[in-house]
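Peer 1: Protein chains in written order, with my numbering: chain A, 272 to 444; chain B, 272 to 444. For each residue, glycine too, the CB sits at the ideal point set by N, CA and C. This one's a predicted model, so the numbers in the text were calculated from it and none came from an experiment.
2 protein chains.
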Amino acid sequence: MRHSSSIEDYLEAIMLLADGEEKVTVTRISQAMGVKKPSVTSAVTRLVENGLAKHEKYGEIHLTGQGRKIARDVYKRHQALKRFLIDILAVKEEVASEDACRMEHYLSSMSLERLDKFIEYVMECPQGKPLWLQGFNYYLVHGKRNPEYMAVCSPRCGNAPGDTENSRNKELD
Amino acid sequence: MRHSSSIEDYLEAIMLLADGEEKVTVTRISQAMGVKKPSVTSAVTRLVENGLAKHEKYGEIHLTGQGRKIARDVYKRHQALKRFLIDILAVKEEVASEDACRMEHYLSSMSLERLDKFIEYVMECPQGKPLWLQGFNYYLVHGKRNPEYMAVCSPRCGNAPGDTENSRNKELD
DNA sequence: CCTTTTTGTTAGGCTGATCTAACAATTATG
DNA sequence: CATAATTGTTAGATCAGCCTAACAAAAAGG
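See below:
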């Protein structure tokens, strides 16, 4: 079952507050999310109805296992999107965070998986920051390719080891 | 001013129908979007109220200049996201399209610009499909890096021409 | 041209998500 | 501990966006 982006936002905010060793209260959620307190009360009621949180009147709010799982998933998507925007597209952090906040609700698990692997592939390159990514930065700044990077783009004219004509993506779907 | 994702969806659908030389009617929009006709009538009313479309009773629906502009922007975001997912992350088309449909409403203009440039940089590499991307495909399939691709990852250990310690992203923000 | 079919609109209901205003419970403090 | 301040809830409104049912207008076809 899929939950609304609003619900996901509340779950995420509650998880982050709880992880920060904070007592999770209506007021704190309200401040963290920039909504009024009655909105929080009613949202929390919705969470409870959906089995995603526990809340006794005037007491603290806690996520259930299910709620926590969803919150973690949302947060994973948030982080993946944000890292991609910042580390690869060189979008400035503030904008990246806002975009991630909005898009985090809509990335499928398949795309998330691929995005995670892509970031890992790029950023954990055992030989440092990939040259092609530096080349992309150059391209962003100067509006054209730097021939010195291009030399490395595809030395064998696109034929890579073991990559025959149509091997691309064949085993992926 | 920002419009809701629902409004953007209607604009996009109307534009695509119109581009397809079709008469844009309530019924066609309804079919194209998978919503009932009264929903379309009321959505179109909202479009008209916002100056995004024209519609005389029982007649055809046309976008205004403003409406068309927004529709085009949405569609650009859609295409950029979809191309990225398919061509770079190797997500299968069906999933990519769905993801793009949902995320297209939430990508900032800054991120779109960067994403477009990134795709251009990668896909229009003058020497063919970049080796590193082929390496990523290998990584997806086999779960590990192919040493033959790695040799090309960053030959000079991360020091690229003219790339001194902190030049990264400096001129970008 | 009259009737049937298709198309479009109106009316009215529901849900999620927000808000303000007013009130109730809890906590802090002199 | 009594009162003030803070915190939380309730009540009630609004809005977008969808739906179904019923009706009205337009188009098609004998």
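Nearest chain B C-beta to Ser310/A closer than 8 angstroms, yes or no?
Peer 2: Not one chain B Cβ lies under 8 angstroms of Ser310/A.
Peer 1: So, with DSSP's three-state summary, where would you put Lys307/A?
Peer 2: The answer is coil: DSSP assigns Lys307/A none of H, G, I, E or B.
Peer 1: Establish whether the CB of Met381/B and some CB of chain A are separated by less than 8 angstroms.
Peer 2: It does: the Cβ of Met381/B has a partner Cβ on chain A nearer than 8 angstroms.
Peer 1: Can you check whether the C-beta of Val345/A is within less than 8 angstroms of a C-beta belonging to chain B?
Peer 2: Closer than 8 angstroms: no.
Peer 1: Do you know whose CA, among Leu411/B, Trp403/B and Glu283/B, lies nearest Lys340/B's CA?
Peer 2: Among Leu411/B, Trp403/B and Glu283/B, the Cα nearest to that of Lys340/B is on Glu283/B.
Peer 1: Output needed in chain order: residues of the region 341-370 of chain A with a Cβ under 8 angstroms from some Cβ in chain B.
Peer 2: Listed by position, the residues of the region 341-370 of chain A near chain B (Cβ gap below 8 angstroms) are Leu356, Ile359, Leu360, Ala361, Val362, Lys363, Val366, Ala367, Glu369 and Asp370.
Peer 1: Can you tell me whether His376/A is helix, strand or coil according to DSSP?
Peer 2: DSSP places His376/A in coil when its eight states are reduced to three.
Peer 1: Leu334/B lies in the beta strand (DSSP E); which residues open and close that run?
Peer 2: Start and end: Ile332 to Leu334.
Peer 1: List, in order along the chain, the chain B residues whose C-beta lies closer than 9 angstroms to that of Arg446/A?
Peer 2: Given a span of 272 to 444 for chain A in the structure shown, any question on residue 446/A remains unanswerable.
Peer 1: So does the region 341-361 of chain A actually touch the region 371-380 of chain A, counting three or more Cβ pairs closer than 8 angstroms?
Peer 2: At 8 angstroms Cβ cutoff, the stretches touch.
Peer 1: Is the shortest distance between the beta-carbon of Lys388/B and the beta-carbons of chain A less than 8 angstroms?
Peer 2: Yes, contact with chain A.
Peer 1: If you check the beta carbons only, do Ile357/A and Glu365/A fall under 8 angstroms apart?
Peer 2: No; because the gap between Cβ atoms is not below 8 angstroms, this pair is not in contact.
Peer 1: Three or more C-beta pairs closer than 8 angstroms, one from the region 329-338 of chain A and one from the region 291-299 of chain A: is that the case here?
Peer 2: Enough Cβ pairs lie closer than 8 angstroms, so yes.
Peer 1: By Cβ distance below 8 angstroms, which residues in the same chain neighbour Gln405/A in space, the five residues on each side in sequence not counted?
Peer 2: Excluding residues within five positions, the ones whose Cβ falls inside 8 angstroms are Tyr420.
Peer 1: Leaving out five residues before and five after Ala303/A in sequence, what residues of the same chain have Cβ atoms less than 7 angstroms from its Cβ?
Peer 2: Excluding sequence neighbours, Ala303/A sits near Ala284 and Leu288.
Peer 1: Taking the alpha helix (DSSP H) that Ala324/A falls in, what are its first and last residues?
Peer 2: Run containing Ala324/A: none in the alpha helix (DSSP H); it sits in the beta strand (DSSP E), Ala324 to His326.
Peer 1: In terms of residues, what are the limits of the alpha helix (DSSP H) holding Val295/A?
Peer 2: Per DSSP, Val295/A belongs to no alpha helix (DSSP H) and is neither H nor E.
Peer 1: Assign Ser425/A to one of two classes, buried (16 or more other C-beta atoms within 10 Å of its C-beta) or exposed (fewer than that).
Peer 2: Only weak support is given to the placement of Ser425/A: the predicted model assigns it a pLDDT of 49, under 50, and the value that follows is read from those uncertain coordinates. Buried, because 16 or more other Cβ atoms sit within 10 Å of the Cβ of Ser425/A.
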